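>
Numbering (the numbering used here), first residue to last: 2 to 921.
1) Nearest to residue 940 by alpha carbon, out of 785, 522, 428 and 504?
2) Under 8 Å between the Cβ atoms of residue 606 and residue 290?
3) Exposed or buried, residue 515, counting other C-beta atoms within 10 Å across all chains shown (16 or more means buried)?
4) Which residues bound the beta strand (DSSP E) around residue 259?
5) Near residue 735, what residues of its chain come up, given a Cβ to Cβ distance below 6 Å and the 5 sequence neighbours on each side ignored?
6) Hey, could you find the ends of the beta strand (DSSP E) residue 309 is sitting in?
7) Would the beta-carbon of residue 930 fall within 8 Å of that of residue 549?
8) CA-CA distance, residue 317 and residue 98?
9) Run through the segment 504 to 545 for me and flag every whole beta strand (DSSP E) of 3 or more residues, listed as ranges in chain order.
10) Counting C-beta neighbours from all protein chains within 10 Å, is the total for residue 325 16 or more, i.e. buried, or is it exposed?
11) Throw me the rounded Cβ distance for the residue 569 and residue 540 pair, which I believe falls under 8 Å.
12) Counting only the same chain and skipping the five closest in sequence on each side, list residues whose C-beta sits under 6 Å from that of residue 26.
13) For the beta strand (DSSP E) holding residue 799, just list the boundary residues, first then last.
14) Can you tell me which of the three DSSP states residue 58 falls into?
15) Where does the unbroken alpha helix (DSSP H) through residue 115 begin, and where does it stop?
16) Have a look at residue 3 and residue 352 and give me their C-alpha separation to the nearest angstrom.
17) What three-state label does DSSP hand residue 465 in the structure shown?
18) Spatial neighbours of residue 906 within its chain, please: CB distance less than 8 Å, with the 5 preceding and 5 following residues excluded, ordered by chain position.
19) With distances taken from CA atoms, which of 7, 109 and 878 is nearest residue 263?
20) Quick one: residues in its chain with C-beta nearer than 7 Å to the C-beta of residue 242, no 5 flanking neighbours on either side, listed in chain order?
21) Going straight from the alpha carbon of residue 756 to that of residue 749, what length do you get?
22) To the nearest angstrom, report how far apart residue 354 and residue 452 are at their CA atoms.
23) Starting from the N-terminal side, write out each stretch of the beta strand (DSSP E) that is 3 residues or longer and does not extend beyond the segment 216 to 246.
24) Let me know the secondary structure DSSP gives residue 301 once reduced to three states.
25) With H, G and I counted as helix, E and B as strand and the rest as coil, what does DSSP make of residue 776?
26) Count the other C-beta atoms from every protein chain shown that fall within 10 angstroms of the C-beta of residue 615, then say buried if there are 16 or more, exposed otherwise.
27) First and last residue of the beta strand (DSSP E) that includes residue 341?
28) Helix, strand or coil: which one does DSSP assign to residue 71?
29) Give me the Cα-Cα distance between residue 711 and residue 825, rounded to the nearest whole angstrom.
30) To the nearest angstrom, how far is the alpha carbon of residue 733 from that of residue 833?
31) Beta strand (DSSP E) containing residue 376: first to last residue?
32) When you compare only the Cα positions, how much space is there between residue 115 and residue 462?
33) Pull up the DSSP beta-bridge partners for residue 29, would you.
34) Within 8 Å, do at least three Cβ pairs link the segment 792 to 800 to the segment 776 to 783?
35) Could you check the C-alpha separation between residue 58 and residue 208 for me, to the nearest Å?
36) Over what stretch of residues does the alpha helix (DSSP H) that includes residue 280 continue unbroken?
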């Protein structure tokens with residue numbers, strides 16, 4: 002049986018000591034969550050119906066005393082800005098963005114000063130004096146305006162504090178520190194108004210000065226009792242941080258001079274099984290937590306998991322953990338909210354802000370949108386199915402729209418839906434209209450979702466969370482109209498979105514408990530799994546977000562990072578206090594974004610090991626598979642064979658044959674399945690697009706001369722047309738793409754230079770007496786290949802870039818915009834021609850020679866390549882090199898040898914027993 006939990010003991014005290022007056026008893030706990038567990042503990046203590054005591058959190062209790070409403074950080078920032086503007090000269094006033102940078106830190110300091118009941122004018126003037134001393138040595142004549150402003154800032158702090166305090170009090174609102182200070186001021190009046198009421202404070206650890214004063218006052222006036230939950234192991238060790246605060250209270254509180262200190266327990270030193278497990282990365286921890294739960298269930302299948310808790314040191318571990326839990330986990334209670342950062346509705350709104358703020362910063366008048374921003378919104382799952390945007394997405398992709406004016410976008414969208422118009426409504430009239438548009442947009446999205454579909458129902462909850470945030474912002478902005486920049490609105494939105502969590506529904510008392518560190522206060526579990534036990538996560542580590550220096554904090558009694566660490570230490574050890582099985586998981590990676598050293602708490606457990614504790618330390622590493630990737634093997638089915646026969650009838654192109662040699666799977670996807678590449682906007686001209694433009698330009702320039710011998714004048718005419726023709730081909734191939742600037746302008750100039758250099762080479766040849774007659778340009782040729790070993794005839798077909806007759810020899814030319822050298826078209830042996838992808842150029846040009854062979858009328862044939870990146874080498878003909886003999890004329894012997902190799906390749910492709918096997 003587990004030790005009696007702390008809340009069970011509190012329930013016992015309430016029944017034994019307060020049973021006659023439970024309706025007038027108020028139990029104050031550190032957080033709201035423990036309330037349900039305390040009510041459950043009370044149920045176990047009684048058999049009859051009783052009136053439950055009122056159970057509230059310390060924050061609510063303090064608010065009741067002060068009678069002031071708490072405001073969230075964003076609202077507070079807005080209120081502070083109002084005050085700042087009212088007391089600052091117009092010429093010195095900062096914009097809201099600049100103000101917010103320092104105001105957040107200052108508000109935190111105001112909060113601490115008030116929570117610890119310090120004299121604000123003393124603390125703030127102290128800070129000014131420190132800054133004065135720092136600048137003491139600077140001569141008057143060397144003091145710049147910047148330095149003067151800096152000193153003035155510190156002088157103004159008491160005024161900022163006092164003005165803000167008065168402003169908030171007049172409105173009946175306040176930040177936490179102000180509420181605490183006012184509660185202390187209101188304490189006597191409160192005591193007089195609660196004659197019959199009794200307070201029970203339970204499970205506290207760190208108290209600020211205001212809380213100490215209030216609780217001591219109520220104890221002294223016999224209105225309250227306090228019950229601590231501290232283990233003697235920590236209390237009696239003067240250096241143990243888990244007992245730091247409680248030791249101070251035990252020594253300093255007047256009440257304990259004559260009254261016993263309740264309760265000191267001895268649970269931590271009892272038998273415990275502690276397993277420390279290190280594993281690389283965050284996901285590894287989630288997987289291990291899941292397998293631990295699986296082991297717990299398999300060890301005792303009938304037991305419930307309500308005494309098992311997973312405490313996440315890092316909230317972003319929640320989703321990986323949920324995916325790692327075994328399906329046998331029945332009931333589940335998650336006390337942390339799901340962050341709105343990853344909420345699909347939030348992602349849409351963030352993208353909307355990005356698109357419109359970028360458009361406004363480019364040029365508010367023309368309102369030009371960037372295609373990636375537009376596509377991000379048009380393809381979002383909350384937009385695409387309902388706004389029917391797929392046609393518009395295709396238009397943008399096919400026409401290479403990189404930047405689209407707002408007017409053009411509306412024009413391209415046929416029959417725009419209300420959702421589409423709300424998304425792309427211009428953000429020109431200030432923040433409130435923008436927020437109202439977003440609010441309408443979220444309502445439209447909500448109406449598109451169906452309650453009958455479980456997934457859409459969840460999405461609705463996400464949409465509603467963002468809807469509340471937007472309405473909150475509308476409320477703020479309607480009260481503070483002078484903060485009206487869209488950039489500021491976006492910055493505030495990004496901050497406020499962190500507060501908009503979506504809660505999980507669950508049975509708080511049943512099943513596995515998943516929580517953050519702070520939610521675990523006051524609760525006890527038998528099995529505890531703690532993740533992210535790394536420095537910087539657990540404990541959170543130093544964060545000096547304050548204008549008050551460390552030594553001043555120490556002198557004034559304000560909490561420093563030591564006290565913050567002590568709070569974490571108490572939470573950690575309290576989790577372990579009554580637990581029997583403890584699993585501490587940490588990330589073994591010490592470098593990287595999500596890493597840190599192993600937590601000091603683990604080291605402390607090892608160094609200060611208790612006699613009854615069993616400690617084990619393991620490192621888990623992922624098991625790496627012996628083969629990282631299994632190549633795909635696709636057998637040739639009946640339908641595949643039918644498709645191959647269809648290709649054989651229509652014609653195998655040389656590029657299809659080389660694609661099979663490169664990778665049979667690539668051939669299978671492209672030719673058998675006919676899967677084409679996804680159409681995307683080509684922001685920068687791709688190499689294949691540039692190649693197409695050069696090919697098409699040369700075709701257009703030479704088209705008038707097909708069937709004629711070229712003269713010098715013909716080439717000079719072509720020179721004059723280069724600029725216009727290249728531009729025309731760019732427009733045809735690249736459509737609406739931007740070619741006036743950036744990389745594309747360079748590509749445009751490269752295309753012109755390549756064509757120009759080619760024409761120069763051609764002109765040089767004609768001047769040297771070459772007789773060049775153009776026979777064909779970009780023309781398709783086909784030829785049936787019949788061979789005894791082929792089970793049926795196979796057609797070889799494809800387009801040849803250029804065929805010419807030069808000095809009586811037929812020359813078949815393939816243009817390449819990449820670099821090709823003589824070695825790429827030289828062959829030393831026929832055997833294995835179709836096995837090596839290095840021979841792809843040879844296979845291609847010989848295929849063209851074979852296809853054209855019947856039209857050559859017995860004239861000698863050469864086939865080769867002109868490489869635009871190697872124009873100085875001119876025409877690179879295929880040549881067969883046997884010892885010292887080099888032959889570039891393609892005769893019957895060459896073609897027969899070539900065809901023998903091609904037949905071997907085609908037999909492999911058409912053999913139903915040879916599967917398509919991926920090459921890696």
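Quick reminder that beta carbons are idealized off the backbone N, C-alpha and C, glycines included. Since the structure is predicted, the reported quantities are computational estimates derived from the model, not experimental observations.
So, from the listed chains and residues:
1) Residue 940 falls outside the range modelled here, since the chain spans only 2 to 921, and no answer is possible.
2) In the chain shown, counting from the first residue as 1, residue 606 sits at position 605. In the chain shown, counting from the first residue as 1, residue 290 sits at position 289. No, they are not a contact pair.
3) Taking the first residue of the chain shown as position 1, residue 515 is located at position 514. Buried, by the Cβ-count rule.
4) Locating residue 259 in the chain shown gives position 258, where the first residue counts as 1. It is not in any beta strand (DSSP E) - residue 259 instead sits in the alpha helix (DSSP H) that spans 256 to 259.
5) In the chain shown, the residue the question calls residue 735 occupies position 734. Closer than 6 Å at Cβ, skipping near neighbours: 401.
6) Your numbering for residue 309 matches position 308 in the chain shown. Element bounds for residue 309: 309 to 313.
7) The first residue shown for the chain is 2 and the last is 921, placing residue 930 beyond what the model contains.
8) Taking the chain shown and counting its residues from 1, the one referred to as residue 317 is at position 316. Taking the chain shown and counting its residues from 1, the one referred to as residue 98 is at position 97. Cα-Cα distance, rounded: 28 Å.
9) 513 to 517 and 528 to 531
10) Along the chain shown, one-based indexing puts residue 325 at 324. Buried is the call here.
11) Start at 1 with the first residue of the chain shown, and residue 569 comes out as number 568. Start at 1 with the first residue of the chain shown, and residue 540 comes out as number 539. The Cβ separation is near 4 Å, so the contact holds.
12) Start at 1 with the first residue of the chain shown, and residue 26 comes out as number 25. For residue 26, where only same-chain residues beyond five positions count, the Cβ hits under 6 Å are 19, 54 and 199.
13) Within the chain shown, residue 799 is the residue found at index 798, counting from 1. Here the beta strand (DSSP E) through residue 799 covers 795 to 807.
14) If you number the chain shown from 1, residue 58 lands on position 57. In this structure, residue 58 counts as strand in the three-state DSSP scheme.
15) Residue numbering aside, residue 115 sits at position 114 when the chain shown is read from its first letter. Looking at the DSSP string, the run of the alpha helix (DSSP H) that includes residue 115 is 97 to 116.
16) Taking the chain shown and counting its residues from 1, the one referred to as residue 3 is at position 2. Taking the chain shown and counting its residues from 1, the one referred to as residue 352 is at position 351. With a pLDDT of only 47 at residue 3, under 50, the local geometry of the prediction cannot be trusted, and the value read off the model is given with reservation. Cα-Cα distance, rounded: 51 Å.
17) Here residue 465 refers to the residue found at position 464 of the chain shown. It is helical.
18) Mapped onto the chain shown, residue 906 falls at position 905. Counting only Cβ-Cβ distances below 8 Å, and skipping sequence neighbours, we find 658, 661, 662 and 835.
19) Against the chain shown, residue 263 aligns to sequence position 262. Nearest option by C-alpha distance: 7.
20) Along the chain shown, read from residue 1 onward, the residue named residue 242 stands at position 241. Correct list, in chain order: 566, 567 and 570.
21) On the chain shown, residue 756 is found 755 positions in, with the first residue counted as 1. On the chain shown, residue 749 is found 748 positions in, with the first residue counted as 1. Taking the straight line joining both Cα atoms gives about 11 Å.
22) If you number the chain shown from 1, residue 354 lands on position 353. If you number the chain shown from 1, residue 452 lands on position 451. Spanning the two alpha carbons is a distance of roughly 28 Å.
23) 225 to 228
24) Stepping through the chain shown from its first residue, residue 301 is reached at position 300. Here residue 301 sits in coil by DSSP.
25) For the purposes of this step, residue 776 is taken as the residue at position 775 of the chain shown. Looking at residue 776 - three-state DSSP - the assignment turns out to be strand.
26) The residue labelled residue 615 in the question sits at position 614 within the chain shown. By the 10 Å Cβ count, residue 615 comes out exposed.
27) Position 340 of the chain shown holds residue 341. Taken as a continuous stretch (DSSP letters only), residue 341 belongs to no beta strand (DSSP E), as it is neither H nor E.
28) Looking up residue 71 in the chain shown gives position 70. Of the three classes helix, strand and coil, the one that applies to residue 71 here is strand, per DSSP.
29) Against the chain shown, residue 711 aligns to sequence position 710. Against the chain shown, residue 825 aligns to sequence position 824. Approximately 29 Å, taken between the alpha carbons.
30) In the chain shown, the residue the question calls residue 733 occupies position 732. In the chain shown, the residue the question calls residue 833 occupies position 832. So the alpha carbons of these two residues sit roughly 41 Å apart.
31) Within the chain shown, residue 376 is the residue found at index 375, counting from 1. Taken as a continuous stretch (DSSP letters only), residue 376 belongs to no beta strand (DSSP E), being part of the alpha helix (DSSP H) at 372 to 379.
32) Residue 115 sits at position 114 when you count from the first residue of the chain shown. Residue 462 sits at position 461 when you count from the first residue of the chain shown. Looking at the two C-alpha atoms, the distance is approximately 38 Å.
33) As a position in the chain shown, residue 29 is number 28, starting the count at 1. 57 and 202, per the DSSP bridge assignment.
34) yes
35) For the purposes of this step, residue 58 is taken as the residue at position 57 of the chain shown. For the purposes of this step, residue 208 is taken as the residue at position 207 of the chain shown. Approximately 13 Å between the Cα atoms of the pair.
36) The residue you call residue 280 lines up with position 279 of the chain shown. Where residue 280 is concerned, there is no enclosing alpha helix (DSSP H), although the beta strand (DSSP E) it sits in stretches over 273 to 280.
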